[in-house]
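Reading through the structure tokens given below for one structure.
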Amino acid sequence: MTSQTTPTRAAFDDVMVPTYAPGGFIPVRGKGSRVWDQAGREYLDLAGGIAVSSIGHAHPAAINALTTQAGKIWHVANVLANEPAILLAQRLCELTFGERVFFANSGAEANEAALKLARRHACVHHPRAHSGTNTAAGTYESDKFEIISFNDSFHGRTLFTVTVGGQAKYTEGYAPLPQGITHLPFNDLDAVRAHLSANTCAVIVEPVQGEAGVLPATREFLKGLRELCDQHQALLIFDEVQSGAGRTGPLFAYMECGVVPDILTSAKGLGGGFPIGAMLTTEHIARSFGVGAHGSTFGGNALACAVALGVLEVLAAPATRVNTTARSAQLMAGLTAINQQHKIFTALRGSGLWFGCELIPAWHGRAKEFVKMSEKHALMILVAGVDTLRLAPSLLITEEDVVIGLQRFEVAIAEMLATESVAAK
Ligand code: PLP
Numbered sequence: 053m054t055s056q057t058t059p060t061r062a063a064f065d066d067v068m069v070p071t072y073a074p075g076g077f078i079p080v081r082g083k084g085s086r087v088w089d090q091a092g093r094e095y096l097d098l099a100g101g102i103a104v105s106s107i108g109h110a111h112p113a114a115i116n117a118l119t120t121q122a123g124k125i126w127h128v129a130n131v132l133a134n135e136p137a138i139l140l141a142q143r144l145c146e147l148t149f150g151e152r153v154f155f156a157n158s159g160a161e162a163n164e165a166a167l168k169l170a171r172r173h174a175c176v177h178h179p180r181a182h183s184g185t186n187t188a189a190g191t192y193e194s195d196k197f198e199i200i201s202f203n204d205s206f207h208g209r210t211l212f213t214v215t216v217g218g219q220a221k222y223t224e225g226y227a228p229l230p231q232g233i234t235h236l237p238f239n240d241l242d243a244v245r246a247h248l249s250a251n252t253c254a255v256i257v258e259p260v261q262g263e264a265g266v267l268p269a270t271r272e273f274l275k276g277l278r279e280l281c282d283q284h285q286a287l288l289i290f291d292e293v294q295s296g297a298g299r300t301g302p303l304f305a306y307m308e309c310g311v312v313p314d315i316l317t318s319a320k321g322l323g324g325g326f327p328i329g330a331m332l333t334t335e336h337i338a339r340s341f342g343v344g345a346h347g348s349t350f351g352g353n354a355l356a357c358a359v360a361l362g363v364l365e366v367l368a369a370p371a372t373r374v375n376t377t378a379r380s381a382q383l384m385a386g387l388t389a390i391n392q393q394h395k396i397f398t399a400l401r402g403s404g405l406w407f408g409c410e411l412i413p414a415w416h417g418r419a420k421e422f423v424k425m426s427e428k429h430a431l432m433i434l435v436a437g438v439d440t441l442r443l444a445p446s447l448l449i450t451e452e453d454v455v456i457g458l459q460r461f462e463v464a465i466a467e468m469l470a471t472e473s474v475a476a477k
């Protein structure tokens, strides 16, 4: 193959490190919740690029923000300030509890910043009692370095964030791992009460666990975490990389759970498909990161921030919330009807435009087969683990597209069940 020929799906396996096993078609164009492949076949997108395409494909506001900035300036690095980064940070601070913002390029990097900030904050405010010679490094020693995280959580793939995440399979083969991290059962406040101590610098939690299957934290759990963190002077970090950017309805999930974190991380839907991550915190906590304490060449890139600002205005518009609520109810009603017909799910969890459909035990381990079957019926869906199907469509998906998506989903499920019953004969 020369670089001039049309790339094929088979060529992907020839040139890529085999960390992914993508589906059988290559999308080349998208509009709203529709996507077209190389052959011009149209697909209905209920996957949203894993909760990233928050305002759908090729939204005019995103295109306008991108193309306008593209003709101005793309990148200056952080040796200089740039206008879109300042404007985006200002807007994020207006819309949230945040008073200071650190920009990164992904969710993992936003979390890496949050976790490093929590450790640094402990060093600044709870330094280890001095024993030896007074070195500059000694200023940054603390016994308050422990991080509490939760089983099945997901926080990214850098070595630190993957270790903080609560899924052991993702750290296999990467030892030695960062130390001082404890994983506890999700939604189990007693377990946290038993472990959280003066040595804890932070608790990191997803208000709704995404990769684990769209599992919401209870309000009592989040409130309890806030109280325990306050009691022990630990920071509470909400990883809203997947639950944020309007996914559950409000701009960020914390806004409706009665708890304000100390640090919040965002990515995915924030850029609507353009890579960007952000860590939000208070002015007081931000001060623990002095000049040079952390950084990123591309973090705060002008082009990325301009796009995210355009996307954010759409996400923050009341009409987006109205559509999310209406389409959420429509999808839940449709999924419930499908389940009444086929009895394929043990649980249907929904939060805004985000659904986890947990398969009955007979289908455990086979979630990916449903993705493949959906692809056959021109529908894009996701898995969360091996037992749960996940939907995370555009927050602007239309009523008509939900109807079409549900129809195709039903057909795909019916064919899965029919294939199985034929095989059993
Ligand atoms: N945190 C959560 C809750 C996520 O769902 C993800 C990705 O799925 C991440 C962090 C990592 O984000 P990224 O893949 O952009 O590094």
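Here the numbering used here is used: the first residue of the sequence shown is 53, the next is one more, and so on. Note that beta-carbon positions come from the ideal geometry of N, C-alpha and C, so glycine has one too. Values in this document were obtained by computation on a predicted structure and should not be read as measured data.
From Glu146, Arg278, Arg171, Glu451, residue whose alpha carbon lies closest to that of Ala345 = To locate residue 345, count along the sequence shown from 1; it is residue 293. It is Arg171.
Leu448 to Ser403, Cα distance in whole Å?
-> Here residue 448 corresponds to residue number 396 of the sequence shown, with the count starting at 1. Here residue 403 corresponds to residue number 351 of the sequence shown, with the count starting at 1. Approximately 15 angstroms, taken between the alpha carbons.
Quick one: is the Cβ of Phe238 within less than 7 angstroms of any heavy atom of the ligand PLP?
-> Taking the first residue of the sequence shown as 1, we reach residue 238 at position 186. Proximity of the beta carbon of Phe238 to the ligand PLP is not indicated: no heavy atom of the ligand is located closer than 7 angstroms.
Do you know how far the Cα of Tyr222 is from the Cα of Asn130?
-> Looking up residue 130 in the sequence shown gives position 78. Looking up residue 222 in the sequence shown gives position 170. Taking the straight line joining both Cα atoms gives about 32 angstroms.
First through last residue of the alpha helix (DSSP H) which encompasses Arg278 = Counted from its first residue, the sequence shown places residue 278 at position 226. Segment 271 to 283, the alpha helix (DSSP H) holding Arg278.
In angstroms with no decimal places, state the Cα-to-Cα distance between Gly123 and Glu135.
-> Here residue 123 refers to the residue found at position 71 when the sequence shown is read from its first residue. Here residue 135 refers to the residue found at position 83 when the sequence shown is read from its first residue. Straight-line Cα distance between these residues: approximately 14 angstroms.
Distance between Arg278 and Asp439 (C-alpha atoms, nearest Å) = As a position in the sequence shown, residue 439 is number 387, starting the count at 1. As a position in the sequence shown, residue 278 is number 226, starting the count at 1. The straight-line gap from Cα to Cα measures roughly 31 angstroms.
Could you give the distance in angstroms between the alpha-carbon of Ser446 and the alpha-carbon of Leu167?
-> As a working note, residue 446 is residue 394 in the sequence shown. As a working note, residue 167 is residue 115 in the sequence shown. The C-alpha of Leu167 is placed about 30 angstroms away from the C-alpha of Ser446.
Best match in Cys309, Ile200, Gly352 for proximity to Leu132 [C-alpha to C-alpha] = As a first step, residue 132 is located in the sequence shown; it is residue number 80 there, counting from the start. For the residues Cys309, Ile200, Gly352, the minimum Cα distance to Leu132 belongs to Gly352.
What do you reckon, is the C-beta of Ala319 under 7 angstroms from a heavy atom of the ligand PLP?
-> Here residue 319 refers to the residue found at position 267 of the sequence shown. Yes; taking the cut-off as 7 angstroms, the Cβ of Ala319 has a heavy atom of the ligand PLP nearer than that.
Cut-off 8 angstroms between Cβ atoms - residues of its own chain near Leu236, not counting five sequence neighbours on either side | If you number the sequence shown from 1, residue 236 lands on position 184. Excluding sequence neighbours, Leu236 sits near Ile200, Ser201, Phe202, Asn203, Ala243, Val244, His247.
Counting Cβ pairs closer than 8 angstroms, one from the segment 321 to 329 and one from the segment 289 to 306, do we hit at least three?
-> yes
Expressed to the nearest angstrom, what Euclidean distance is found between the alpha-carbon atoms of Val69 and Ala63?
-> By 1-based counting over the sequence shown, the position of residue 69 is 17. By 1-based counting over the sequence shown, the position of residue 63 is 11. Using only the alpha carbons, I get a separation of about 12 angstroms.
Reduced DSSP secondary structure (H/G/I, E/B, other) of Ile78 = On the sequence shown, residue 78 is found 26 positions in, with the first residue counted as 1. Coil at Ile78, not helix or strand.
Output the distance between the C-alpha atoms of Leu364 and Ala371, rounded to the nearest integer angstrom.
-> As a position in the sequence shown, residue 364 is number 312, starting the count at 1. As a position in the sequence shown, residue 371 is number 319, starting the count at 1. Answer to the nearest angstrom: the Cα atoms are 13 angstroms apart.
How many Å lie between Ala254 and Leu287 at the Cα?
-> Sequence index remark: in the sequence shown, residue 254 carries index 202 (1-based). Sequence index remark: in the sequence shown, residue 287 carries index 235 (1-based). Each residue's Cα considered, the two are about 4 angstroms apart.
Using the rule of at least 16 other Cβ atoms within 10 Å of the residue's Cβ for burial, across every protein chain shown, is Gln283 buried or exposed?
-> Working through the sequence shown from its first residue, we reach residue 283 at position 231. Flag for Gln283 reads exposed.
Can Leu443 and Phe397 be called in contact, C-beta distance under 8 angstroms?
-> Taking the first residue of the sequence shown as 1, we reach residue 443 at position 391. Taking the first residue of the sequence shown as 1, we reach residue 397 at position 345. No, these two residues do not count as a Cβ contact at 8 angstroms.
What residue ranges within the segment 150 to 197 form continuous alpha helix (DSSP H) runs of no fewer than 4 residues, ordered along the chain?
-> 159 to 177
Per-residue DSSP class, three states only, for Gln294 | Within the sequence shown, residue 294 is the residue found at index 242, counting from 1. Three-state result, Gln294: coil.
Whole angstroms is fine: what's the gap from Ile412's alpha carbon to Ser105's?
-> Translated into the one-based positions of the sequence shown, residue 412 becomes position 360. Translated into the one-based positions of the sequence shown, residue 105 becomes position 53. For Ile412 and Ser105, the distance between alpha carbons rounds to 29 angstroms.
Cα-Cα separation, Cys409 to Val176 = Numbered from 1 along the sequence shown, position 357 holds the residue referred to as residue 409. Numbered from 1 along the sequence shown, position 124 holds the residue referred to as residue 176. The straight-line gap from Cα to Cα measures roughly 45 angstroms.
Met432 to Val293 span [Cα, whole Å] = Working through the sequence shown from its first residue, we reach residue 432 at position 380. Working through the sequence shown from its first residue, we reach residue 293 at position 241. Counting only the Cα atoms, Val293 lies some 21 angstroms from Met432.
What separation, rounded to the nearest whole angstrom, lies between the Cα atoms of Met331 and Ala99?
-> Along the sequence shown, read from residue 1 onward, the residue named residue 331 stands at position 279. Along the sequence shown, read from residue 1 onward, the residue named residue 99 stands at position 47. Spanning the two alpha carbons is a distance of roughly 25 angstroms.
What is the DSSP secondary structure of Asp89, reduced to helix, strand or coil?
-> For the purposes of this step, residue 89 is taken as the residue at position 37 of the sequence shown. Reduced to three states, the DSSP call for Asp89 is strand.
Along the beta strand (DSSP E) that carries Arg143, what are the first and last residues, could you check?
-> Position 91 of the sequence shown, counted from the start, is the residue given in the question as residue 143. Note, Arg143: premise wrong, no beta strand (DSSP E); alpha helix (DSSP H) at 135 to 147.
Delimiting residues of the beta strand (DSSP E) encompassing Ser380 | Against the sequence shown, residue 380 aligns to sequence position 328. Note, Ser380: premise wrong, no beta strand (DSSP E); alpha helix (DSSP H) at 370 to 394.
Which residues bound the beta strand (DSSP E) around His235?
-> Within the sequence shown, numbered from 1, the residue matching residue 235 stands at position 183. Unbroken beta strand (DSSP E) run through His235: 233 to 236.
In this structure, does DSSP put Asn202 in helix, strand or coil?
-> Your numbering for residue 202 matches position 150 in the sequence shown. Per the sequence shown, the amino acid found at residue 202 is Phe instead of Asn. In the structure shown, Phe202 sits in a strand (DSSP, three-state: E or B).
Should the segment 378 to 390 be called in touch with the segment 458 to 475, which here means at least 3 C-beta pairs below 8 angstroms?
-> As far as the Cβ criterion goes, the segment 378 to 390 touches the segment 458 to 475, which means the pair count is three or higher.
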